[in-house]
Amino acid sequence: MGMDRFVYIHNQKRAHIYGTVECMNDEWIFFDEESEEACLLEEKEQSSVELFRFGKWIKGTLLEQGVISFSKQLYKLKNGDQIRFLKPLPYAYEQWLKQLSDHAFFHFTRLMNELNFSLYDCLYCYNHSLFANQGVNFLIYDNTKEVSNVQHYYERGENHKDRFEITIHTGKKLMGAQIE
664 MGMDRFVYIH
674 NQKRAHIYGT
684 VECMNDEWIF
694 FDEESEEACL
704 LEEKEQSSVE
714 LFRFGKWIKG
724 TLLEQGVISF
734 SKQLYKLKNG
744 DQIRFLKPLP
754 YAYEQWLKQL
764 SDHAFFHFTR
774 LMNELNFSLY
784 DCLYCYNHSL
794 FANQGVNFLI
804 YDNTKEVSNV
814 QHYYERGENH
824 KDRFEITIHT
834 GKKLMGAQIE
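Numbering (our numbering), first residue to last: 664 to 843.
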């Protein structure tokens, strides 16, 4: 995935899992703000983490025993520190995003963002393009206020065609096409 896409995806609304940390019995616990669930910090599958300090998010790498490594320094977590992780995308969905041309990717993403959907609102993705050069992919998005169904008609080969049909649960429909 190109750097522009990575930055674009990383900056989507609802792209992160936010929470605070607390040390209990010599183990660091992560408290998820949204789900209100707690888990051992070491159980987080991602080593990449961001710490909120000085009014901004600072990227680092989570090491053992509540230590975060930044470019040239180490930081020992304190009770109540705010951290965030990038939410993982489902495999089929991530592959689908990678398969789109840059033009189709940015067109689709802007369209969804204009409808107040984030790429991280995807609940389900059937990626038929993993198996065939022509067909339809089905995606379901939920931003907690609206639900959207996306049908992505595609053709790969000599012609590179993408057509997106987006239907919101209210009945509103949009179509977008990309032909290269």
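Glycine included, C-beta positions come from ideal geometry on N, C-alpha and C.
Query: In DSSP terms, what Tyr817 is bridged to; Result: Gly798 and Asp825
Query: Touching by the beta-carbon criterion (3+ pairs, under 8 angstroms), the segment 765 to 775 and the segment 695 to 710; Result: no
Query: Residue ranges of each beta strand (DSSP E) within the segment 740 to 767, 3 or longer; Result: 745 to 749
Query: Span separating the alpha-carbon of Glu777 from that of Phe794; Result: 30 angstroms
Query: Straight-line Cα distance separating Glu685 from Asn796; Result: 49 angstroms
Query: Rounded straight-line distance, which links the Cα of Thr833 to that of Asp765; Result: 30 angstroms
Query: Residue closest to His815, alpha-carbon to alpha-carbon, out of Lys739, Met775 and Leu703; Result: Met775
Query: Proximity of Gln714 and Ile680 at Cβ, strictly below 8 angstroms; Result: Sequence check: residue 714 is Leu here, not Gln. No, these two residues do not count as a Cβ contact at 8 angstroms.
Query: Reduced DSSP category for Asn776 - H, G, I as helix; E, B as strand; rest coil; Result: helix
Query: Exposure label - Phe844; buried when at least 16 CB within 10 Å; Result: Because the chain here runs from 664 to 843, residue 844 falls outside it and cannot be looked at.
Query: Whether Gly784 touches Tyr756 by CB criterion (8 angstroms); Result: Before going further, note that residue 784 is Asp rather than Gly in the sequence given. Cβ distance not < 8 angstroms, so Asp784 and Tyr756 don't count as in contact.
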